Amino acid sequence: MDKYKLYWLLQLFGWLCFALVNLFFVSMVRGITPIQIGAYFSLAIFYFLSTHFFRFLIKNKSWLEFELTKLISHVLIAVLILSFLNTFAQIIINWVFGTLHLREDFRPLVLLANLFTSFLFYSLWSLLYFLFYFLDNYNSSLKYQARINEIKLIHLRNQLNPHFIFNALNSVRALVDENPTNAKTAITQLSNILRYSLVMDKHKTIPLSEEMNTVKDYLNLESIRFEERLKVLYDVEPKAYEYKIPPMMLQTIVENGIKHGVSNLMKGGIIEIKCTIGLLDDLYIWVRNSGHLKADKSPRKKGEGHGIANTVQRLKLIYGNRASFKIFNYGNEFVVTEIKIPKQNLNLG
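In the numbering used here, the protein residues as written are 58 to 406.
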């Protein structure tokens with residue numbers, strides 16, 4: 058149901074209930090007469106028309122664009138004016154239906170009571186109207202932001218795919234002439250990686266186990282190229298496989314360690330992947346690689362491309378401030394990348 062239809066439904070139903078509830082309480086005291094029915098329904102119609110006019114004024118004068126203090130002051134003045142008009146309308150309705158008692162109905166205390174009651178009803182209507190508007194606007198903003206974030210994530214993943222595939226193809230090409238047998242094995246592993254890269258675009262997060270399979274294929278492929286110059290170590294807690302992470306995240310970090318660390322060393326080096334569960338059930342991923350991170354380079358420069366900056370952006374888009382990313386030197390020989398994935402991601406898909 059759209060907002061326009063919902064407004065009319067609530068407006069009609071709300072003031073109809075107002076009339077019926079008043080008639081119910083009157084019936085408990087002295088019974089119901091046709092005159093009372095007419096009077097209370099006439100009052101409900103006045104409330105209906107006056108609040109609808111109030112809505113027209115709010116929309117036509119762009120009150121919803123006012124600052125909060127200005128909006129509150131305008132609403133209070135309008136509610137007060139409507140309350141006086143409603144009090145006067147009650148007198149006219151009583152006069153029309155022959156139920157007006159001059160001495161009783163014009164007593165200051167009775168007039169003040171009617172004015173106060175009207176003020177409460179109009180204030181309640183205003184509160185509900187503006188509350189619905191702001192909640193609906195907030196919900197629309199959340200949907201819009203979610204859509205923008207989804208577009209950003211797709212864009213970031215599309216940046217990673219060509220970069221990763223290009224590097225993998227270079228690794229296979231280097232093996233074709235040197236070792237055809239190993240090249241066939243590498244092509245099989247590369248096909249697994251390519252299949253994974255095509256499927257993962259459909260998901261915001263994927264099981265760590267699936268990402269690890271791809272990382273192992275990639276590192277096996279690189280081990281063929283580097284031979285004894287690359288040593289790979291794994292230390293993954295079984296429970297860590299239950300968690301989900303952004304696709305290609307771990308792969309990007311490992312590839313970054315190979316490209317900017319191990320491959321620049323004459324003797325090669327190591328890639329160590331460690332995944333553990335913290336005290337608060339968050340997932341911690343450590344990737345340690347041989348090399349050295351220069352302190353005078355910006356994060357974007359460190360990755361020389363989309364790698365590091367891409368990973369940081371995706372973590373923020375998916376988890377906000379609940380995830381963390383750190384990259385630092387460990388002694389003079391190693392670079393460590395530490396990523397924290399929050400516990401809540403278990404059901405995130």
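Note that the Cβ used here is the ideal one computed from N, Cα and C, for glycine as well.
All of these numbers come straight from a predicted model, not from anything done at the bench.
Beta-carbon proximity check, residue i vs residue j, cutoff 8 Å
{"i": "residue 279", "j": "residue 307", "result": "no"}
{"i": "residue 120", "j": "residue 133", "result": "no"}
{"i": "residue 148", "j": "residue 99", "result": "no"}
{"i": "residue 79", "j": "residue 61", "result": "no"}
{"i": "residue 178", "j": "residue 104", "result": "yes"}
{"i": "residue 301", "j": "residue 342", "result": "no"}
{"i": "residue 114", "j": "residue 135", "result": "yes"}
{"i": "residue 101", "j": "residue 139", "result": "no"}
{"i": "residue 310", "j": "residue 344", "result": "yes"}
{"i": "residue 52", "j": "residue 274", "result": "In the structure displayed, the chain extends from 58 to 406; residue 52 sits before or after that span and is not available."}
{"i": "residue 350", "j": "residue 396", "result": "no"}
CB contact check: residue i to chain D, cutoff 8 Å
{"i": "residue 328", "result": "Given the protein chain composition of this structure (a single chain), no chain D is represented."}
Exposure label - residue i; buried when at least 16 CB within 10 Å
{"i": "residue 111", "result": "buried"}
{"i": "residue 261", "result": "buried"}
{"i": "residue 367", "result": "buried"}
{"i": "residue 284", "result": "exposed"}
{"i": "residue 245", "result": "exposed"}
{"i": "residue 108", "result": "buried"}
{"i": "residue 375", "result": "buried"}
{"i": "residue 319", "result": "buried"}
{"i": "residue 408", "result": "Nothing can be reported for residue 408: it is not among the residues displayed for the chain, which extend from 58 to 406."}
{"i": "residue 232", "result": "buried"}
{"i": "residue 223", "result": "exposed"}
{"i": "residue 304", "result": "buried"}
{"i": "residue 87", "result": "exposed"}
{"i": "residue 354", "result": "Any reading at residue 354 must be qualified, since the residue scores a pLDDT of 45, below 50, and its modelled position is unreliable; no value is offered."}
{"i": "residue 92", "result": "exposed"}
Bridge-paired residues (DSSP) for residue i
{"i": "residue 344", "result": "330, 394"}
{"i": "residue 301", "result": "264"}
Unbroken beta strand (DSSP E) run spanning residue i, endpoints
{"i": "residue 292", "result": "287-293"}
{"i": "residue 383", "result": "381-387"}
Boundaries of the alpha helix (DSSP H) in which residue i is found, first to last residue
{"i": "residue 138", "result": "125-153"}
{"i": "residue 351", "result": "Element bounds for residue 351: n/a, residue is neither H nor E."}
{"i": "residue 53", "result": "Outside the modelled stretch of the chain, which goes from 58 to 406, sits residue 53, for which no answer is possible."}
{"i": "residue 109", "result": "91-117"}
{"i": "residue 296", "result": "No alpha helix (DSSP H) holds residue 296; DSSP gives it neither H nor E."}
{"i": "residue 59", "result": "No alpha helix (DSSP H) contains residue 59, which DSSP labels as neither H nor E."}
{"i": "residue 336", "result": "Counting along the chain, residue 336 falls outside any alpha helix (DSSP H), and DSSP gives it neither H nor E."}
{"i": "residue 160", "result": "159-162"}
{"i": "residue 156", "result": "From DSSP, residue 156 is part of no alpha helix (DSSP H); its letter is neither H nor E."}
{"i": "residue 311", "result": "306-317"}
Supposed contact pair residue j and residue i - C-beta distance, whole angstroms, cut 8 Å
{"i": "residue 412", "j": "residue 328", "result": "Examination of residue 412 is not possible in this model, given that the chain is present from 58 through 406 alone."}
{"i": "residue 347", "j": "residue 372", "result": "Not really, about 25 Å apart at Cβ, beyond 8 Å."}
{"i": "residue 337", "j": "residue 400", "result": "7 Å"}
{"i": "residue 414", "j": "residue 248", "result": "With the chain covering only 58 through 406, there is no way to say anything about residue 414."}
{"i": "residue 271", "j": "residue 253", "result": "5 Å"}
{"i": "residue 398", "j": "residue 380", "result": "6 Å"}
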